[in-house]
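Participant: Here it is, the structure in full.
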Amino acid sequence: MMKIAFIGAGNVGAALATRLAEAGHDVVLAESREASESVAAALARSPRLRALPVADAVAAAEIVFLATPFPANEGLLPPLAEALAGKVLVDCTNPVGPGLTHGLRSERAGSELVQALVPGASVVKAFSIYGFENLADAAYPGYGVLPAMLFCGDDAGAKARVAELIGDVGFEPVDVGGLVQALHLEHMTLLWVRLVRAGRGSPGLVWAALRR
Ligand SMILES: NC(=O)c1ccc[n+]([C@@H]2O[C@H](COP(=O)([O-])OP(=O)(O)OC[C@H]3O[C@@H](n4cnc5c(N)ncnc54)[C@H](OP(=O)(O)O)[C@@H]3O)[C@@H](O)[C@H]2O)c1
484 MMKIAFIGAG
494 NVGAALATRL
504 AEAGHDVVLA
514 ESREASESVA
524 AALARSPRLR
534 ALPVADAVAA
544 AEIVFLATPF
554 PANEGLLPPL
564 AEALAGKVLV
574 DCTNPVGPGL
584 THGLRSERAG
594 SELVQALVPG
604 ASVVKAFSIY
614 GFENLADAAY
624 PGYGVLPAML
634 FCGDDAGAKA
644 RVAELIGDVG
654 FEPVDVGGLV
664 QALHLEHMTL
674 LWVRLVRAGR
684 GSPGLVWAAL
694 RR
């Protein structure tokens, strides 16, 4: 059982928080603002979830998920930098620019910017490459292989814990290396979004890792 806090309880945060709580983890939603509709909706969705003010939620957590709109991070993270030091920060956010381009013009990964905003945290990019529908339900029965969840980060210990959480919600954890790889995961996301959201494809589309 891990102590987990979620900053952001929208499509992604609520789906993952619910699944991780069902898997037996102690999951708290951080209330960053009063009367957050998404936090209220997530609490209504699962009786296993509870909410705390953001400072308390982060202080009590070992692992913090960041599931906010990317542009919000520059404002919300610096005040939390001290509280996040020594913790694992799972970055689910994606910088998206006009016309479904990379929001930082592919010059730098969003997760590297997140890491710079909270230098004492161990940032792991994960749960970012598919739409929230797959985070809510990762079951693809009949294939004999689990959908792959690619993740990256610089801290091996942090990645091991995130890999466990990835497995808990039904994906095969696929470690693709250091945080420098986050840029490429962000481009994978854009590919998925272009295919599914813009191309009006089914959100029931995931990648699998086959090896020989
Ligand atoms: N949607 C997807 O399928 C998907 C899949 C993978 C990754 N992502 C990425 O995951 C992130 C979240 O996406 P989403 O679809 O879950 O977004 P969403 O449904 O709009 O939810 C955003 C959440 O962030 C909170 N928030 C917004 N501004 C904030 C701030 N300044 N401080 C604290 N909390 C703030 C919102 O709270 P309030 O309700 O109070 O506004 C809400 O709980 C994005 O970066 C997105 O690119 C999305």
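Heads up, my numbering is the position in the sequence shown plus 483, with the first residue counted as 1.
We treat Cβ as the ideally placed atom computed from N, Cα and C, and that holds for glycine.
#1: So is E669 buried or exposed if we call it buried at 16+ other beta carbons inside 10 Å?
#2: Between the Cα of N577 and the Cα atoms of L559, A568, L596, which residue gives the shortest distance?
#3: G548: beta carbon under 7 Å from a heavy atom of ligand 1?
#4: Quick test of your reading: A609 and V645, contact by CB under 8 Å. State the CB separation rounded to the nearest angstrom.
#5: Going by DSSP in three states, R531 sits in which element: helix, strand or coil?
#6: What do you reckon, are the CB atoms on R772 and E505 nearer than 8 Å?
#7: Who are A488's beta bridge partners in DSSP?
#8: When burial is assigned at 16 or more other CB atoms within 10 Å of the CB, is T584 buried or exposed?
#9: Going by DSSP, what residues sit across from T501 in a beta bridge?
#10: In whole angstroms, what is the alpha-carbon distance linking V541 and E655?
#11: Take I649 and list the residues in its own chain whose beta-carbon comes closer than 7 Å to its own, dropping the five residues that flank it on each side.
#12: My output table needs one value for T584: the three-state DSSP class, helix, strand or coil.
#13: Could you give the residue range of the alpha helix (DSSP H) that holds V652?
#14: Would you report the Cα separation of L605 and G661, rounded to the nearest angstrom?
#15: Tell me the residue span of the beta strand (DSSP E) that contains V606.
#16: Unbroken beta strand (DSSP E) runs of length 3 or more, entirely within the stretch 609–681: which are they?
Facilitator: Reading it off the structure:
#1: For the purposes of this step, residue 669 is taken as residue 186 along the sequence shown, with counting starting at 1. So E669 counts as buried.
#2: Counting from 1 along the sequence shown, the entry for residue 577 is found at position 94. The candidate whose alpha carbon is nearest that of N577 is L596.
#3: Here residue 548 refers to the residue found at position 65 when the sequence shown is read from its first residue. Reading the sequence as shown, one finds Phe at residue 548 and not Gly. No; taking the cut-off as 7 Å, the Cβ of F548 has no heavy atom of ligand 1 nearer than that.
#4: Against the sequence shown, residue 609 aligns to sequence position 126. Against the sequence shown, residue 645 aligns to sequence position 162. Indeed they touch by this definition, with Cβ atoms about 5 Å apart.
#5: As a first step, residue 531 is located in the sequence shown; it is residue number 48 there, counting from the start. Correct three-state label for R531: coil.
#6: Summary: the structure shown does not reach residue 772, with the chain confined to residues 484 through 695, and so no result is reported for it.
#7: Locating residue 488 in the sequence shown gives position 5, counting from the first residue. Paired residue(s): V511, V547.
#8: Counting from one through the sequence shown, the residue named residue 584 turns up at place 101. So T584 ends up on the exposed side.
#9: Your numbering for residue 501 matches position 18 in the sequence shown. For T501, which the question treats as bridged, DSSP gives no partner whatsoever.
#10: Walking along the sequence shown from the start, residue 541 turns up at place 58. Walking along the sequence shown from the start, residue 655 turns up at place 172. Computed Cα separation, rounded: 27 Å.
#11: Within the sequence shown, residue 649 is the residue found at index 166, counting from 1. Excluding sequence neighbours, I649 sits near A609, M632, F634, P656.
#12: Along the sequence shown, one-based indexing puts residue 584 at 101. In this structure, T584 counts as strand in the three-state DSSP scheme.
#13: Along the sequence shown, one-based indexing puts residue 652 at 169. That residue, V652, is in no alpha helix (DSSP H); it is neither H nor E in DSSP.
#14: Here residue 605 refers to the residue found at position 122 of the sequence shown. Here residue 661 refers to the residue found at position 178 of the sequence shown. The amino acid at residue 605 is misidentified as Leu; the sequence shows Ser. So the alpha carbons of these two residues sit roughly 11 Å apart.
#15: In the sequence shown, residue 606 corresponds to position 123, counting from 1. That run of the beta strand (DSSP E) goes 605–608.
#16: 631–636, 655–658
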